[in-house]
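Working notes, beginning with the structure itself.
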DNA sequence: AAAATACTTAAGTATTCGCTTGACAATCAA
DNA sequence: TTGATTGTCAAGCGAATACTTAAGTATTTT
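Protein chains in written order, with my numbering: chain Z, 65 to 178; chain E, 65 to 178.
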């Protein structure tokens, strides 16, 4: 039985997180490898506090994991989050494309209704 | 030479569009097949005007196409939009996973820095 | 110990967003 | 023609969002 309530909620958080361009820039940067919060902030033209807020959203969504050692917090991508969202889109597409197959059948057979 | 400015802008619109749960519900519904605006509105607990506004966002993002014949506008998914977003995520993941491969190499060879 | 680094947290602000209401246009049915 | 569908447009409202500033904490350096 696929797609629990918890999963739907998770998908919700993931897409909400990816909806913001700055957060996508963060994910993009992290895809090159794990870095600290201030390294992450440097290329973006916003304050460190703003970056921290974005990271909270990303971490709650499960797209990013962080770990603090000493005074520096290191951030890395969790690819599972991305592939969950990927799956959602692939599913919608496949349902859509399967429809075309059935449509083809109907055009050929041309009777026997639903 | 991949990823033009126009593409980035397009990706921006797509992810922004998918960031809203109601719009994802619309995409989900449309994946079952093309339907009219009021049919789309029926299961959602919002006014028709709100649905039209969501459809504008979805159409501008390229995720949905619509066509009006008579007084009814029929909406359908454009799978190209979905696969573009899918690609973006797959790319981020692959960069990340390629990093692991290189890390493996380094651990095995354990010299020759770059 | 003192200063610098690397965050963290809270409060405030300006803008954006999703939604409603209400008035309107166009098409189809009786 | 009259009335019912089906959608469109504009204005406005409350809540959410992305950001800043400012004050604080914990850790490392000097």
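We put the beta carbon where it would ideally sit given N, CA and C, even for glycine.
Remember, predicted model here, so these are calculated numbers, not experimental data.
Distance from the CA of residue 75 of chain E to the CA of residue 152 of chain E, rounded to the nearest whole angstrom, comes to 8 Å.
Beta-bridge pairing by DSSP links residue 80 of chain E to no other residue.
Counting along the chain, residue 129 of chain E sits inside the beta strand (DSSP E) bounded by residues 128 to 133. Contacts between residue 125 of chain Z and chain E, judged by CB atoms closer than 8 Å, are missing: the closest CB pair is about 11 Å apart.
Burial is judged here by how many other beta carbons sit within 10 angstroms of a residue's own beta carbon; residue 158 of chain Z has fewer than 16 and is exposed. Looking at the backbone, the Cα of residue 101 of chain E and that of residue 96 of chain Z are separated by about 43 Å. Judged by their CB atoms, residue 83 of chain Z and residue 84 of chain E are nearer to each other than the 9 Å cut-off. Residue 111 of chain E carries a coil assignment under DSSP once its states are collapsed to helix, strand and coil.
Rounded to whole angstroms, residue 137 of chain E and residue 131 of chain E show a C-alpha spacing of 5 Å.
For residue 81 of chain E against residue 127 of chain E, the beta-carbon gap comes to about 6 Å, under 8 Å, which counts as contact.
By the Cβ-count criterion, residue 91 of chain Z is buried, with 16 or more other Cβ atoms from all chains shown falling within 10 Å of its own Cβ.
Of all residues in the segment 73 to 107 of chain Z, only 76, 79, 80, 82, 83, 85, 88, 91, 92, 95, 96, 97 come within less than 7 Å of chain E when Cβ atoms are compared, listed by chain position. Listed in chain order, the positions of the segment 134 to 153 of chain Z with a beta carbon within less than 7 Å of a beta carbon of chain E are 141, 143, 146, 147, 149, 150, 153. The beta carbon of residue 116 of chain E sits closer than 8 Å to those of 101, all from its chain and outside the five residues before and after it, given in chain order. Of the other Cβ atoms in all chains shown, fewer than 16 fall within 10 Å of the Cβ of residue 161 of chain Z; this residue is therefore exposed.
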